[in-house]
Amino acid sequence: MSVVVSNGQETLRLVLDEEQLMLRSTARQFVDQHAPVGRLRTLRDTRDERGFSDDLWREMAGLGWLGLQLPEAHDGLGLGFFDLAVVLEQCGRRLMPEPLVSTLLLGAQALLLGGSEAQQAAWLPGIAGGEKLVTLAFDELGARGNAHAGLATAKRTGDTFVLSGTKVGVLDAHVADLILVSAKVNGRVAIFLVDPTRKGVTVTRHVALDLRNAGTVMLDSVQLGADDVLGGLDGLAFGAAVLEQVLDRARIGLAAEMLGAMEQAFEDTIAYLKERVQFDRPLGSFQALQHRAARLYTSIALARSAVLAAARTVDTSRDPREVAKFAALAKVRASEAFYDVAREAIQMHGGIGMTDEHDIGFYLKRAQTTLVSFGTNDALRARWAELNGY
Amino acid sequence: MALAGAAGLGWEGDAFDDEDLAYTREWLRSRANTIEGGSSEIQLNIIAKQVLGLPEGK
C-alpha cells in the first residue's frame, strides 16, 4: 500500500520502510513494558525530585534513541527526523515524562541548526549518550509562545554580554545541564548557551497540569562571552531564524507524541466500550457511541497524515517556510484531534474516567497542555495563512 | 460561503459574478455528497463495525 500526499511540489511518502517498522515495534514493546502511564501518579505523589526515571533515560540512550537523528561524527546514528518521530509517537502513547521534548527537540535541534562546530562537539555526544540534558528557554509571561515577543535582553559591550530576563515554562529546567536562552541583542533575537550553575541564574521548578516537568528561569545580569552565543558572534545574525526553525521542529515532534497519545487513549476507550455492559448489552453496541467513535477514528487518521507529512518534510525540504507550514498544520490538527479524543475518552468511560485511579484522565491533562504549547493554535493558523499568501 | 458573506447568496442577476453564482450551486450540490453512495451515517456504521469491531446492536 502506498500513501502519498502532495505538498504542491513533490510527493511525500508517508509509509514506513522495513527498518522504521522495526524501530516502531521495538519502541512500542519497550514503552509498553517499562513505562506504564500509572508511574506518573507515583512520580507526582512521591514528589519525585527528578520527575522522571534516569534509569529509563539511560536505557533509551543504550537503544540509540537519544542519538537517532544526530550525526555519526557526534556519536549519533545519523538517521532522519522522521525516524525520531517514529520513536516519539511510541513514547507519547504512555505520556512519558522523560526529557525528550526538551533535550531532543529543543536542545539538540538548536545545536544542530545553529551551533558552532565546537558547541556541537561539546554537547551532542553527551546528549546521544544520555549524560547531558539540554533545554531551551524562549517563552515569557504574556508572550504566549511567540518567540519574538520576549523582553529578555543581552546588553553587548565588545565581545561580552550581560543577560537579564525571566523565562517561563522552561521544560526540564530543573535537571538541565545547559539552558539555551533566547534574548534580544540590540533588538534582534539571539540564543545564548547558559550554564545553570552560573552566577545570576535561578531555576525554580513547577509542576504542570500534565505532569511534564518545567520551571521558571530567572537571569539577573548573567555575564557571557562570544563563545556563549549559539553559533558564536556570527549567530547574532541568524539567532531569530534558528529559533523559529527549532520551534517548528518541536511542534512536529510534539505532534508525533500527541499522535501516539491519542491512539492509545482511543484504543483503551474502544476496549472499554466492548467490555463494559450496561442495560444488558455492551456499551459499544449503542449506535450513538459507535458513530462518535467512528468520527474520532477519522480525525486520528487525518492527524496521522499531517504529522507524518510534517516529519518527512523536515528531512526532505531545504525551505524552512515549507517546514513551517507543515509544523503549523501538524500541531493544530494533532492537538485538536487529541483534545477531542481525550474528552470523549473520559465521557465514554463514564464515572470511572473521572477518577484519579484510572489512567485515562492523564490523557486529557496532556491534551489540554498541548493546545497551548509552542504557540496557540490561533497563532499557528494565522501563520499558515500568512505562509500560504492568503 | 461563510467567507463570501452576502456575495455567496446569489442565484442569478447582475449583482453576482460567475464565481459567486458557482459557489451557491456547489454548496447546494455538496449536500448530496453526504447522502449518495451510502450516507455518512452508513459510513460511520461501517467504520464502527468493520474497523473498530464494535458489537452489533440489539
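Chains B and S are the protein sequences, given in the same order. Terminal number for the first sequence in the working numbering: 436, no gaps in between. Terminal number for the second sequence in the working numbering: 60, no gaps in between. Glycine included, every Cβ here is placed at the ideal spot set by N, Cα and C.
Flag residue i as yes if its beta-carbon sits less than 8 Å from any beta-carbon of chain B, otherwise no.
i	result
Leu56(S)	yes
Leu46(S)	yes
Ile37(S)	no
Ala50(S)	yes
Gly59(S)	yes
Ala17(S)	no
So that I know if they touch, is there some Cβ in chain C lying closer than 8 Å to that of residue i?
i	result
Gly330(B)	Among the chains of the structure shown, chain C does not appear; the protein chains present are B and S.
Can you tell me the Cβ-Cβ gap for residue i and residue j, rounded? I've got them flagged as a contact below 8 Å.
i	j	result
Met394(B)	Thr315(B)	5 Å
Asp241(B)	Leu224(B)	7 Å
Leu342(B)	Glu390(B)	6 Å
Leu46(S)	Ala229(B)	Contact flag wrong, Cβ pair sits at about 52 Å.
Leu417(B)	Arg350(B)	Not really, about 19 Å apart at Cβ, beyond 8 Å.
Ala425(B)	Gly191(B)	7 Å
Leu134(B)	Leu152(B)	Wrong, their Cβ atoms sit about 13 Å apart, outside the cutoff.
Arg379(B)	Ala307(B)	Wrong, their Cβ atoms sit about 14 Å apart, outside the cutoff.
Gly271(B)	Leu130(B)	The Cβ separation is near 32 Å, so there is no contact.
Val253(B)	Val263(B)	Wrong, their Cβ atoms sit about 16 Å apart, outside the cutoff.
So what does DSSP say about residue i, is it helix, strand or coil?
i	result
Pro366(B)	helix
Lys51(S)	helix
His337(B)	helix
Asn423(B)	helix
Gln324(B)	strand
Arg85(B)	helix
Gln136(B)	helix
Ser210(B)	strand
Asn259(B)	strand
Leu293(B)	helix
Ile225(B)	strand
Val49(B)	Only weak support exists for where Val49(B) lies, its pLDDT of 47 falling under 50; the value from the coordinates is given anyway. The answer is coil: DSSP assigns Val49(B) none of H, G, I, E or B.
Lys411(B)	helix
Val77(B)	helix
Ile37(S)	coil
Gly271(B)	strand
Phe18(S)	coil
Val240(B)	strand
Ala195(B)	coil
Thr92(B)	coil
Ala156(B)	helix
Arg27(S)	helix
Val216(B)	strand
Thr149(B)	helix
Thr401(B)	coil
Leu112(B)	coil
Lys371(B)	helix
Gly299(B)	helix
Gly176(B)	coil
Ala6(S)	coil
8 Å is my cut-off, CB to CB: does residue i come that close to chain S?
i	result
His395(B)	no
Arg322(B)	no
Gln155(B)	no
Ile406(B)	no
Ala340(B)	yes
Tyr436(B)	no
Ile398(B)	no
Gln310(B)	no
Ile298(B)	no
Tyr343(B)	yes
Met47(B)	Reliability of the predicted coordinates at Met47(B) is poor, the pLDDT of 34 falling under 50, and no value is obtained from them.
His220(B)	no
Leu426(B)	no
Gln333(B)	yes
Ile346(B)	no
Leu319(B)	yes
His194(B)	no
His337(B)	yes
Ile225(B)	no
Ile173(B)	no
CB of residue i to nearest heavy atom of the ligand NAD: below 7 Å?
i	result
Ala373(B)	With respect to the ligand NAD, the structure shown offers nothing to examine, as it has no ligands at all.
From the DSSP output, read off the bridge partner residues of residue i.
i	result
Thr250(B)	Thr262(B)
Leu182(B)	Leu226(B)
Arg234(B)	Val231(B)
Thr203(B)	Thr206(B)
### the stretch 167-181 of chain B in contact with the stretch 192-204 of chain B per 3-pair CB rule at 8 Å
no
Any contact of the stretch 60-73 of chain B with the stretch 378-387 of chain B, i.e. 3+ C-beta pairs under 8 Å? no
- Quick check: the stretch 176-196 of chain B against the stretch 278-295 of chain B, are there 3 or more CB pairs under 8 Å? yes
query: Is the number of C-beta pairs between the stretch 274-285 of chain B and the stretch 16-31 of chain S that are closer than 8 Å three or more?
result: no
query = Are three or more beta carbon pairs between the stretch 114-132 of chain B and the stretch 357-365 of chain B nearer than 8 Å?
reply = yes
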